[in-house]
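**Student:** Residue numbers (our numbering), protein chains in the order written: chain F, 12 to 154; chain E, 12 to 154.
Think of the CB as a built atom: it goes at the ideal place given N, C-alpha and C, for glycine as much as any other residue.
This structure is a prediction, so every number in the text was calculated from the model and none was measured.
To start, I am sharing the structure in question, which I have written as structure tokens.
Number of protein chains: 2
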Amino acid sequence: MRQLGIGELAKRVGMRPSALRYYESVGLLPSAERAAGRRVYPVATVRRLALVKMAQRAGFTLAEIRALLDAGADRGATRQWRALAERKLPELDLFIRQAQMLRDAVADCLACGCMNFDTCGLLAEDGPGSRPGEGPTTPGDEA
Amino acid sequence: MRQLGIGELAKRVGMRPSALRYYESVGLLPSAERAAGRRVYPVATVRRLALVKMAQRAGFTLAEIRALLDAGADRGATRQWRALAERKLPELDLFIRQAQMLRDAVADCLACGCMNFDTCGLLAEDGPGSRPGEGPTTPGDEA
DNA sequence: CTCGTGGTTCAAGCACGCTTGAGGTCAAGG
DNA sequence: CCTTGACCTCAAGCGTGCTTGAACCACGAG
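Structure below.
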């Protein structure tokens with residue numbers, strides 16, 4: 012069984028078939044081969060989708076993920092991929108650090124028995140508030 | 012200057028005033044004091060908003076964040092907060108691990124000179140695909 | 001006094017990421 | 001044969017998280 016139907020693929024990656032069709036429609040998945048009209052996926056797609064989900068949770072938009080995955084499809088796209096990747100790496104780092112801070116905050120708050128974030132003594136007076144490297148929403152961003 | 016106008020607060024946290032009004036409207040920020048009809052925020056709000064952004068990036072919905080922040084407002088909410096926090100902690104951990112995997116994947120791909128994720132040899136054949144603890148969504152699959 | 005700036009409310013609109021519904025095809029099984 | 005069920009397409013709908021627009025108010029500078 013090196014090929015998967017859409018239902019089975021969906022089950023494997025924990026999504027709904029409709030989501031996979033949607034991904035195809037927006038170019039995040041290549042148009043799947045059809046057998047008797049039905050989509051048939053190579054098993055490798057599971058991997059691709061795992062990457063997609065990971066990137067998504069890390070705050071990438073589907074468009075960005077598509078850019079990352081598709082790079083290399085033509086020459087010059089590689090350049091784009093490197094650019095995007097290099098731009099995103101520090102963001103990703105920042106993001107991980109923040110996630111850890113949040114995790115620790117939640118854990119500490121649970122441990123210290125305080126009632127919430129705001130009130131928690133462990134969290135008092137430290138925040139920078141505005142961070143560099145993630146400027147005010149800079150919209151003209153993606154393609 | 013221990014008080015901030017909405018514009019200034021927005022600038023400090025890198026958001027738009029409209030977003031802050033929206034947060035107030037959905038109860039994520041307490042209804043701000045008014046001076047001559049205008050919202051005036053204590054500086055501490057900067058911290059609260061930093062927490063909000065952090066949690067948001069970590070995949071919490073605004074409703075969940077509100078729950079986390081507001082817990083303690085009344086008795087019994089504390090129970091809820093603990094429950095939510097305990098439920099979210101492992102999620103947060105999983106999430107951080109995944110973010111790190113992604114980060115490393117991106118970094119490795121950049122380093123190895125491959126063209127993209129899919130093609131990258133460093134990433135070949137390892138994925139579990141479906142993870143436990145985040146089950147296959149299973150809501151009466153399709154029609 | 002008038003203007004500009006920056007605030008107010010409320011309703012509507014938008015982008016993203018899917019889901020749902022209508023209407024149809026195909027293949028196996030009772 | 002005829003139903004069942006998984007799949008197909010296409011269009012419309014939905015939840016979240018804001019933004020935008022219209023219409024109005026308040027304050028300070030020129």
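Skipping 5 residues on each side, what residues in its chain have a beta carbon closer than 6 Å to that of E/G16?
**Tutor:** Residue mapping note: residue 16 of chain E aligns to position 5 of the second sequence, counting from 1. Nothing meets the Cβ criterion.
**Student:** For E/D46, name the three-state secondary structure that DSSP assigns.
**Tutor:** By 1-based counting over the second sequence, the position of residue 46 of chain E is 35. It is worth fixing the name first, because residue 46 of chain E is Ala in this sequence and not Asp. Residue state, collapsed to three classes: strand.
**Student:** Can at least three beta-carbon pairs, one atom from the stretch 56 to 69 of chain E and one from the stretch 40 to 58 of chain F, be found at a separation below 8 Å?
**Tutor:** No contact exists between the stretch 56 to 69 of chain E and the stretch 40 to 58 of chain F.
**Student:** Which of helix, strand or coil does DSSP assign to F/L133?
**Tutor:** Sequence index remark: in the first sequence, residue 133 of chain F carries index 122 (1-based). The pLDDT assigned to F/L133 is 44, lower than 50, so where the model puts this residue is not dependable; a value taken from the coordinates is nonetheless given after this. The answer is helix: DSSP assigns F/L133 an H, G or I state.
**Student:** Kindly indicate if chain F contains any beta-carbon less than 9 Å away from that of E/G38.
**Tutor:** Position 27 of the second sequence holds residue 38 of chain E. No, its Cβ sits nowhere closer than 9 Å to a Cβ of chain F.
**Student:** Name the chain F residues that come within less than 9 Å of E/D104, Cβ to Cβ?
**Tutor:** Here residue 104 of chain E is taken as the residue at index 93 of the second sequence, counted from 1. Those within 9 Å of E/D104 in chain F are R114.
**Student:** Does F/V51 come within less than 9 Å of chain E when only Cβ atoms are used?
**Tutor:** On the first sequence, residue 51 of chain F is found 40 positions in, with the first residue counted as 1. No, its Cβ sits nowhere closer than 9 Å to a Cβ of chain E.
**Student:** Could you tell me which residues DSSP puts in a beta bridge with E/Y52?
**Tutor:** Counting from one through the second sequence, the residue named residue 52 of chain E turns up at place 41. According to DSSP, E/Y52 bridges with E/L15.
**Student:** Any beta-carbon of chain E closer than 9 Å to the one on F/G70?
**Tutor:** Counting from 1 along the first sequence, the entry for residue 70 of chain F is found at position 59. Taking Cβ atoms only, chain E reaches closer than 9 Å to F/G70, which makes this a yes.
**Student:** Find out if the Cβ-Cβ distance for the pair E/R157, E/V51 is shorter than 9 Å.
**Tutor:** What is shown of chain E runs 12 to 154, which leaves residue 157 of chain E out entirely.
**Student:** Check whether the Cβ of F/R93 lies closer than 9 Å to any Cβ atom in chain E.
**Tutor:** In the first sequence, the residue the question calls residue 93 of chain F occupies position 82. Judged by the 9 Å Cβ criterion, F/R93 is in contact with chain E.
**Student:** Quick check on this structure: which residue in F/L100, F/A122 and F/L39 has the alpha carbon closest to the alpha carbon of E/D115?
**Tutor:** The residue given as residue 115 of chain E occupies position 104 in the second sequence. Of the listed residues, the one whose Cα sits closest to E/D115 is F/L100.
**Student:** Is the CB of F/Q14 under 9 Å away from at least one CB in chain E?
**Tutor:** Within the first sequence, the letter at position 3 stands for residue 14 of chain F. Output row for F/Q14: interface = no.
**Student:** If you draw a straight line from the C-alpha of E/E102 to the C-alpha of F/A69, how long is it?
**Tutor:** On the second sequence, residue 102 of chain E is found 91 positions in, with the first residue counted as 1. On the first sequence, residue 69 of chain F is found 58 positions in, with the first residue counted as 1. Rounded to the nearest angstrom, the two C-alpha atoms are 13 Å apart.
**Student:** Report yes if the C-beta distance between E/L95 and E/A118 is below 9 Å; otherwise report no.
**Tutor:** Numbered from its first residue, the second sequence carries residue 95 of chain E at position 84. Numbered from its first residue, the second sequence carries residue 118 of chain E at position 107. No, the Cβ-Cβ distance between E/L95 and E/A118 is not below 9 Å.
**Student:** Shorter than 9 Å from the beta carbon of E/I17 to some beta carbon of chain F?
**Tutor:** Taking the first residue of the second sequence as position 1, residue 17 of chain E is located at position 6. Output row for E/I17: interface = no.
**Student:** Using a beta-carbon distance below 9 Å, is E/A96 in contact with chain F?
**Tutor:** Residue 96 of chain E sits at position 85 when you count from the first residue of the second sequence. With 9 Å as the cut-off, E/A96 counts as an interface residue toward chain F.
**Student:** Compare the C-beta of F/L100 with all C-beta atoms of chain E and state if any pair is closer than 9 Å.
**Tutor:** Residue numbering aside, residue 100 of chain F sits at position 89 when the first sequence is read from its first letter. By this cut-off, F/L100 is an interface position.
**Student:** Quick check on E/A47: buried or exposed, where buried means 16 or more other Cβ atoms within 10 Å of its Cβ?
**Tutor:** Taking the second sequence and counting its residues from 1, one reaches residue 47 of chain E at position 36. Exposed, because fewer than 16 other Cβ atoms sit within 10 Å of the Cβ of E/A47.
**Student:** For the alpha helix (DSSP H) containing F/P28, list its first residue and its last residue.
**Tutor:** Indexing the first sequence from 1 puts residue 28 of chain F at position 17. P28 to S36 is the span of the alpha helix (DSSP H), which, as asked, contains F/P28.
**Student:** Given that E/L121 touches chain F, what residues does it touch there, using C-beta distances under 8 Å?
**Tutor:** Your numbering for residue 121 of chain E matches position 110 in the second sequence. Within 8 Å Cβ-Cβ: R93, A96, E97 and L100.
**Student:** Would E/R108 be called buried (16 or more neighbouring beta carbons within 10 Å of its own) or exposed?
**Tutor:** Counting from 1 along the second sequence, the entry for residue 108 of chain E is found at position 97. Per the 10 Å Cβ criterion, exposed.
**Student:** With burial defined as no fewer than 16 other Cβ atoms inside 10 Å of the residue's Cβ, what is the status of F/R27: buried or exposed?
**Tutor:** For the purposes of this step, residue 27 of chain F is taken as residue 16 along the first sequence, with counting starting at 1. Classification for F/R27: buried.
**Student:** Note down, in chain order, each residue of its chain lying with its Cβ closer than 6 Å to the Cβ of E/L6, except the 5 sequence neighbours on either side.
**Tutor:** Nothing about residue 6 of chain E can be read from this structure; chain E reaches only from 12 to 154.
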